[in-house]
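The opening residue of the sequence shown carries number 1 in the UniProt record's numbering; numbering runs sequentially from there.
Heads up, the beta-carbon is just placed ideally off N, CA and C, and yes, glycines get one too.
Have a look at the structure below, then the notes.
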Amino acid sequence: MAKFKLDETDHQILDMLIENTRTPFTDIAKKLLISAGTVHVRVKKMEEAGIIIGSSLTLDYKKLGYAFIAYVGVFLKNTSQTKFVLERINEIPFVTVAHVTTGKFNVFCKIRARNTQHAKEIIFQLDDIEGVYRTETMISLEESINDKKRLMHSIFKEL
């Protein structure tokens, strides 16, 4: 498939949708001085090209009582157990992200918990998975940067 070309209007549409995926196409159209139909067609083309994959909802986990974040590096007894261990990790709902990695850890996870006691329980669940040799945990004191737009703008400059 040929590389999909984004123009400045596409960049602006994406910019607004990254800020708030629920922004009505009519609002985007008014800001960009184009028709809502044009916004709809452009978004549809970006979806068909695989540039836009669904949309997401951002939750305020602090307000929901899950402000505690930790990162857990998982060491496996054997790398051949990776798939099995990931299937078990997927059963723990408080593990929100898991990456297979190179380097120090075999798997690197992000967990969300209510407090330190809850985090300890989650970490013990990870430790108890068959094939896990040990874990190493880092507590997040603060999420200082979480900005999807900066990367998007850098990518646009390269295009």
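Under the DSSP definition of a beta bridge, which residues are partnered with residue i?
i             : result
glycine 37    : Looking at the DSSP assignment, glycine 37 forms no beta bridge with any residue, so it has no partner.
threonine 137 : Val72
Less than 8 Å between C-beta atoms, sequence neighbours within five positions excluded: which residues of the same chain meet that for residue i?
i          : result
leucine 32 : Thr9, Gln12, Ile13 and Val39
valine 107 : Gly73, Val74, Leu76, Thr82, Val85, Leu86, Ile89, Ala98, His99, Val100 and Thr101
Is residue i buried or exposed, if buried means 16 or more other CB atoms sit within 10 Å of its CB?
i             : result
leucine 76    : buried
methionine 57 : In the sequence as displayed, the identity of residue 57 is leucine instead of methionine. Leucine 57 comes out exposed.
valine 95     : buried
cysteine 126  : Checking the sequence shown, residue 126 turns out to be leucine, not cysteine. Looking at its Cβ environment, which holds 16 or more other Cβ atoms inside 10 Å, leucine 126 is buried.
Out of the options, which has the shortest C-alpha to C-alpha gap to residue i?
i             : options                          : result
glutamate 142 : Lys62, Glu136, Glu121 and Val85  : Lys62
valine 85     : Glu130, Gly50 and Leu59          : Glu130
threonine 102 : Leu151, Thr82, Ile111 and Phe4   : Thr82
serine 55     : Glu19, Ile139 and Cys109         : Glu19
methionine 16 : Phe105, Phe4, Val43 and Ile123   : Val43
threonine 137 : Asn146, Lys148, Lys104 and Asn78 : Lys104
Note down, in chain order, each residue of its chain lying with its Cβ closer than 7 Å to the Cβ of residue i, except the 5 sequence neighbours on either side.
i             : result
histidine 153 : none
arginine 114  : Gly65, Tyr66 and Phe68
- Quick one: which unbroken alpha helix (DSSP H) runs of 4-plus residues sit fully inside the stretch 24-89? Chain order, please. Correct list: 25-32, 36-48 and 82-89.
- Considering only residues of the stretch 89-128, which uninterrupted alpha helix (DSSP H) runs meet the minimum length of 4 residues and lie entirely inside it, listed in chain order? As far as the stretch 89-128 is concerned, its whole alpha helix (DSSP H) runs of at least 4 residues are 116-127.
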